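Asks: Please find one structure pasted underneath; my questions will follow.
There are 2 protein chains.
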Amino acid sequence: MDQRLSLVTLGVADLARALRFYEDGLGWRRGNQNAEVAFFQLPGIILALWSRAELAKDARLPDQGGDGFGGVALAFNARSRAEVDGVLAEATAAGATLLKPAEEVVWGGYAGYFADPDGHVWEVAHNPFWTIRTDGSVSLEAPVQER
Amino acid sequence: MDQRLSLVTLGVADLARALRFYEDGLGWRRGNQNAEVAFFQLPGIILALWSRAELAKDARLPDQGGDGFGGVALAFNARSRAEVDGVLAEATAAGATLLKPAEEVVWGGYAGYFADPDGHVWEVAHNPFWTIRTDGSVSLEAPVQER
Numbered sequence: 001m002d003q004r005l006s007l008v009t010l011g012v013a014d015l016a017r018a019l020r021f022y023e024d025g026l027g028w029r030r031g032n033q034n035a036e037v038a039f040f041q042l043p044g045i046i047l048a049l050w051s052r053a054e055l056a057k058d059a060r061l062p063d064q065g066g067d068g069f070g071g072v073a074l075a076f077n078a079r080s081r082a083e084v085d086g087v088l089a090e091a092t093a094a095g096a097t098l099l100k101p102a103e104e105v106v107w108g109g110y111a112g113y114f115a116d117p118d119g120h121v122w123e124v125a126h127n128p129f130w131t132i133r134t135d136g137s138v139s140l141e142a143p144v145q146e147r
Numbered sequence: 148m149d150q151r152l153s154l155v156t157l158g159v160a161d162l163a164r165a166l167r168f169y170e171d172g173l174g175w176r177r178g179n180q181n182a183e184v185a186f187f188q189l190p191g192i193i194l195a196l197w198s199r200a201e202l203a204k205d206a207r208l209p210d211q212g213g214d215g216f217g218g219v220a221l222a223f224n225a226r227s228r229a230e231v232d233g234v235l236a237e238a239t240a241a242g243a244t245l246l247k248p249a250e251e252v253v254w255g256g257y258a259g260y261f262a263d264p265d266g267h268v269w270e271v272a273h274n275p276f277w278t279i280r281t282d283g284s285v286s287l288e289a290p291v292q293e294r
């Protein structure tokens with residue numbers, strides 16, 4: 001199995017509500033027009049929003065409804081601490097729940113968390129040890145030092 | 148909030164068990180050496196394995212333990228139907244649970260699902276309408292027709 005991830009699908013209770021958050025709130029643009037599913041092109045990968053019930057059915061899994069932590073966190077790496085603060089403010093203004101305000105963290109970065117309207121967990125972090133390329137893709141390599 | 152996803156963290160009950168699956172079973176190579184967390188460099192994005200309990204605590208969320216569907220599915224897009232079958236066989240041989248054998252799906256592709264040892268859901272799909280680039284990154288663009 002090659003080392004790649006093509007798509008992350010977030011199960012949502014109400015696609016229109018989720019789109020109000022991701023499109024109207026965060027300003028993301030979907031790459032398709034379909035009443036059932038929304039695809040967002042991200043650097044190297046696609047994010048999908050789809051009915052949580054349909055997703056569970058498609059995977060042949062019972063769905064207990066999804067209150068609480070689902071065991072997965074997504075992360076948005078920002079280019080600066082100020083961008084972390086800005087993204088958390090933007091997300092909460094758009095209807096996200098602030099789980100943890102940004103603070104300095106033990107690994108040397110600065111990070112906070114929000115939950116989207118369906119409870120999907122996003123960390124928003126500034127990590128000075130990884131590289132965010134111009135196109136937004138992320139690498140474990142240390143950034144080139146600016147002097 | 149720029150349209151990107153930097154990191155997907157999968158909460159795991161036992162990192163050693165998870166690494167037996169992803170490293171020994173699937174042949175993935177981690178990009179760091181740390182007893183607490185494993186990072187895998189994927190095209191454009193990083194996959195992390197970390198203690199589910201620590202992840203919940205970090206996000207300030209109660210964790211009910213995570214039996215059942217967490218509302219998120221990851222997907223691995225394969226370059227052919229044969230690769231889908233091969234990946235599902237490889238994953239189940241490595242200890243995954245086969246949730247759905249691969250079959251033709253209504254949207255015109257071919258897909259099955261497995262769950263990793265912590266219950267994280269992976270779809271393995273051949274989607275003839277999207278492009279997988281040489282580096283493994285994925286685009287919503289239609290592939291260039293080969294004739």
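Those sequence lines, one after another, are chains A and B.
Here the numbering used here is used: the first residue of the first sequence is 1, the next is one more, and so on.
Here the numbering used here is used: the first residue of the second sequence is 148, the next is one more, and so on.
Idealized CB from N, CA, C, for every residue including glycine.
Just so you know, these numbers come straight off a predicted model, no measurement behind them.
Report the CB separation of L196(B) from L246(B) in whole angstroms; it is logged as a contact under 8 Å.
Replies: That belief does not hold up - the Cβ atoms of L196(B) and L246(B) are roughly 20 Å apart, past 8 Å.
Asks: With distances taken Cα to Cα, identify the nearest neighbour of M1(A) among G172(B), R164(B) and Y257(B).
Replies: G172(B)
Asks: Buried or exposed, going by whether 16 or more other CB atoms sit within 10 Å of the CB of V106(A)?
Replies: exposed
Asks: So G112(A) is in the beta strand (DSSP E); what residue range does that whole segment cover?
Replies: Element bounds for G112(A): Y110 to A115.
Asks: Rounded to the nearest angstrom, what separates N179(B) and R280(B) at their Cα positions?
Replies: Taking the straight line from one Cα to the other gives about 25 Å.
Asks: With DSSP collapsed to three states, give me the class of T278(B).
Replies: strand
Asks: For R177(B), which residues of its own chain have a beta-carbon under 7 Å away from its beta-carbon, when the five flanking residues on both sides are left out?
Replies: E170, A185, F186 and F187
Asks: Using a Cβ cut-off of 8 Å (strictly closer), state whether A220(B) contacts chain A.
Replies: yes
Asks: Classify E251(B) as helix, strand or coil using the three-state DSSP reduction.
Replies: The three-state secondary structure of E251(B), taken from DSSP, is strand.
Asks: Apart from the five residues just before and just after A18(A), which ones in its own chain have a Cβ nearer than 7 Å to its Cβ?
Replies: V12, L49, P117 and D118
Asks: Where does S227(B) land, buried or exposed, given buried means 16+ other C-beta within 10 angstroms?
Replies: By the neighbour-count criterion, in which 16 or more other beta carbons inside 10 Å mark a residue as buried, S227(B) falls on the exposed side.
Asks: Buried or exposed: F276(B), going by 16 or more other Cβ atoms within 10 Å of its Cβ?
Replies: exposed
Asks: DSSP three-state call for G172(B): helix, strand or coil?
Replies: The answer is helix: DSSP assigns G172(B) an H, G or I state.
Asks: Just checking my contact of I76(A) with S153(B) at CB under 8 Å: how many whole Å lie between their CB atoms?
Replies: In the sequence under discussion, the amino acid at residue 76(A) is Phe, which differs from the Ile named in the question. Confirmed, about 6 Å.
Asks: Between the Cα of G112(A) and those of E83(A), L47(A) and G95(A), spot the shortest distance and give me the residue it belongs to.
Replies: E83(A)
Asks: Cβ closer than 7 Å: which chain B residues qualify as neighbours of P43(A)?
Replies: For P43(A), the C-beta contacts it makes with chain B under 7 Å involve R151 and G191, in order along the chain.
Asks: Tell me, please, which residues DSSP counts as bridged to E270(B).
Replies: A222(B) and Y260(B)
Asks: Measure the alpha-carbon distance for H126(A) versus L221(B) and round it to whole angstroms.
Replies: 24 Å
Asks: Just checking: is the beta-carbon of N21(A) within a distance shorter than 8 Å of some beta-carbon in chain B?
Replies: Residue 21(A) is actually Phe in this sequence, not Asn. No, its Cβ sits nowhere closer than 8 Å to a Cβ of chain B.
Asks: Counting only the same chain and skipping the five closest in sequence on each side, list residues whose C-beta sits under 7 Å from that of L202(B).
Replies: T156 and G158
Asks: What residues in its chain sit with their C-beta under 6 Å from that of I193(B), if we drop five residues either side in the sequence?
Replies: L154 and F186
Asks: Below 8 Å on the Cβ atoms is my contact criterion, and I expect V144(A) with A78(A) to pass it. Report the Cβ-Cβ distance as a whole number of Å.
Replies: With a Cβ gap of about 18 Å, V144(A) and A78(A) do not count as contacting.
Asks: Is the distance from the Cβ of F69(A) to the Cβ of A96(A) below 8 Å?
Replies: In this structure, F69(A) sits away from A96(A), with a CB-CB distance that is not shorter than 8 Å.
Asks: If you count every other CB in all the chains shown that lies within 10 Å of the CB of A35(A), and 16 or more means buried, which is it?
Replies: exposed
Asks: Does L5(A) come out as helix, strand or coil in the three-state DSSP assignment?
Replies: DSSP places L5(A) in coil when its eight states are reduced to three.
Asks: Under 8 Å between C-beta atoms, does Y257(B) make it to chain A?
Replies: no
Asks: For S95(B), tell me which candidate among A102(A), A91(A), V72(A) and E103(A) has the shortest Cα-Cα distance.
Replies: Outside the modelled stretch of chain B, which goes from 148 to 294, sits residue 95(B), for which no answer is possible.
Asks: For A142(A), is the classification buried or exposed, using 16 other Cβ atoms within 10 angstroms of its Cβ as the cut-off for buried?
Replies: exposed
Asks: Just list the beta strand (DSSP E) runs in the region 188-246 of chain B, keeping only unbroken ones of 3 residues or longer that don't cross its boundaries, in chain order.
Replies: 192-198 and 219-225
Asks: So for L287(B), helix, strand or coil by DSSP?
Replies: In this structure, L287(B) counts as coil in the three-state DSSP scheme.
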